[in-house]
Amino acid sequence: MRTRLLMGACLSTAILLVATSANAGADDRSGGAGGAYVNPDGDPTAVAGDSGSGGGGGRSHGGTGTENPCKWQVVVEDDFKFDVYDVDSAQPQHSATGRWLQYVCPGVGAVEINGYFAVPEGGRVDPRELAVGALASVGIDTPKIRTSPSENGRLFVQVPTWLWLDHDWWQSYEATANAGRIWSTVRATPVAVTWAMGDGQSVSCRGPGTPWRPGMPDDASDCAHTYRSSSATRPSGSFSVEATVTFEVTWRSNATGGGVLPAITRTSTIAVEVGEIQAIGTRGGT
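This is the structure we're talking about:
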């Protein structure tokens with residue numbers, strides 16, 4: 287639970303991560319990561335050895351010289367065990383950096399400390415940019431175009447041509463990128479196909495299409511096109527059929543809720559011959 291307080295209220299038992307360690311009461315005798323725990327009087331009671339990784343150990347300043355078994359642990363803000371200061375909305379959103387710290391002791395867990403902990407903000411990890419990087423690594427092959435009659439044979443004018451893509455290919459694809467303790471995962475989900483049929487016409491389908499099976503009626507397809515002219519007059523003697531699949535892309539991160547990225551596409555093209563009907567035999571498909 288977050289409690290919104292003024293910095294002057296630092297006598298409460300809470301921890302604050304701020305952009306710099308120059309706040310009043312902060313001691314400049316910092317640990318290896320550039321930050322030190324201070325109480326309201328400015329007397330350091332523990333020092334973070336490696337706040338960036340959360341693995342550094344605190345050191346006792348009581349004069350005994352013994353190593354303090356308690357550690358500063360990096361957590362995202364929402365995982366804090368105690369209330370956290372939020373000085374002003376103008377401050378950077380530090381929970382997105384994964385650099386919030388809490389004091390954890392063996393056998394005890396998170397310890398409530400009087401004062402606050404200050405470390406430099408340092409380089410911030412942008413979870414959205416991390417997601418964009420993950421998207422670049424998503425392996426989505428171009429789809430295999432299927433038609434009935436077969437794309438390897440001849441199509442015919444005035445006969446509905448069924449169109450579909452392999453259903454095993456039509457699925458969501460995910461990839462994850464990491465930067466230290468921050469991760470972002472992207473998911474690309476196919477939502478629609480636009481078919482450019484080569485005769486100046488196009489077909490839009492919301493799914494991969496229905497594979498043709500023997501005995502199925504012509505009107506059972508949810509994605510089809512009927513050619514009205516032969517391809518014989520084209521210089522190549524064929525029509526170029528292009529299927530463009532649109533993917534909606536979303537992302538999520540352990541540093542923030544996530545969001546939506548611009549859609550991506552995958553495109554495949556085949557050439558088909560379309561002839562006049564002379565005699566129709568058995569319809570074939572692949």
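Numbering (the numbering used here), first residue to last: 287 to 572.
Where is the CB? At the ideal position from N, CA and C, for every residue including glycine.
Predicted model only: the values in this text are computed from it and were never measured.
Delimiting residues of the alpha helix (DSSP H) encompassing residue i
i      : result
Gly419 : Pro413 to Ala422
Sheet register partners of residue i (DSSP bridge)
i      : result
Ile426 : Ile426 is not bridged to any residue.
Ser526 : Ala557
Arg520 : According to DSSP, Arg520 bridges with nothing at all.
Asn464 : Trp469
Ala510 : Trp448
Val443 : Bridge partners of Val443: none, in fact.
Ser539 : Ser470
Glu534 : Thr475
Arg552 : Val531
Gly545 : Trp537
Residue from the options with nearest C-alpha to residue i
i      : options                           : result
Thr472 : Pro494, Arg552 and Trp537         : In the sequence as presented, Thr is not what sits at residue 472; that position holds Val. When only C-alpha atoms are compared, the closest one is Trp537.
Ser470 : Leu421, Asp505, Met502 and Thr530 : Leu421
Ala461 : Glu559, Val424 and Gly486         : Val424
Pro497 : Arg414, Ser515 and Lys430         : Lys430
Ala474 : Ala549, Asn464 and Asp454         : Ala549
Trp481 : Leu449, Gln444, Ala541 and Arg499 : Leu449
Ala510 : Gly523, Glu559, Thr433 and Val560 : Thr433
Trp456 : Ala478, Gln444, Ser517 and Glu415 : Ala478
Asn464 : Val531, Arg440 and Ala541         : Ala541
Ser516 : Gly543, Arg440, Asp454 and Cys491 : Arg440
Gly561 : Arg514, Gly495, Val527 and Val531 : Arg514
Asp454 : Ile468, Pro476 and Phe442         : Pro476
Val418 : Ile563, Gly544 and Glu559         : Gly544
Val531 : Glu415, Val489, Cys391 and Ile468 : Val489
Tyr459 : Ala506, Thr551 and Ile468         : Thr551
Leu416 : Cys391, Phe442, Ile426 and Ile468 : Ile468
Glu559 : Met483, Pro503 and Ile426         : Met483
Gly495 : Ile426, Asp505 and Gly501         : Asp505
Val527 : Cys391, Cys491 and Gln487         : Gln487
Range of the contiguous beta strand (DSSP E) that encloses residue i
i      : result
Cys491 : Ser488 to Cys491
Val477 : Ile468 to Ala482
Thr433 : Ile431 to Ser434
Rounded Cβ spacing between residue i and residue j (contact assumed at less than 8 Å)
i      : j      : result
Phe525 : Asp485 : 6 Å
Leu451 : Ala557 : The pair is not a contact, with the Cβ atoms about 17 Å apart (cut-off 8 Å).
Thr553 : Thr447 : Rounded, the Cβ-Cβ distance is 19 Å, inconsistent with contact.
Ser539 : Pro435 : With a Cβ gap of about 48 Å, Ser539 and Pro435 do not count as contacting.
Thr512 : Gln444 : 7 Å
Val546 : Gly466 : Actually they do not touch by this definition, with Cβ atoms about 25 Å apart.
Asp508 : Gly493 : 7 Å
Residue-chain proximity (residue i, chain C), Cβ-Cβ < 8 Å
i      : result
Asp508 : No chain C appears in this structure, which consists of one protein chain only.
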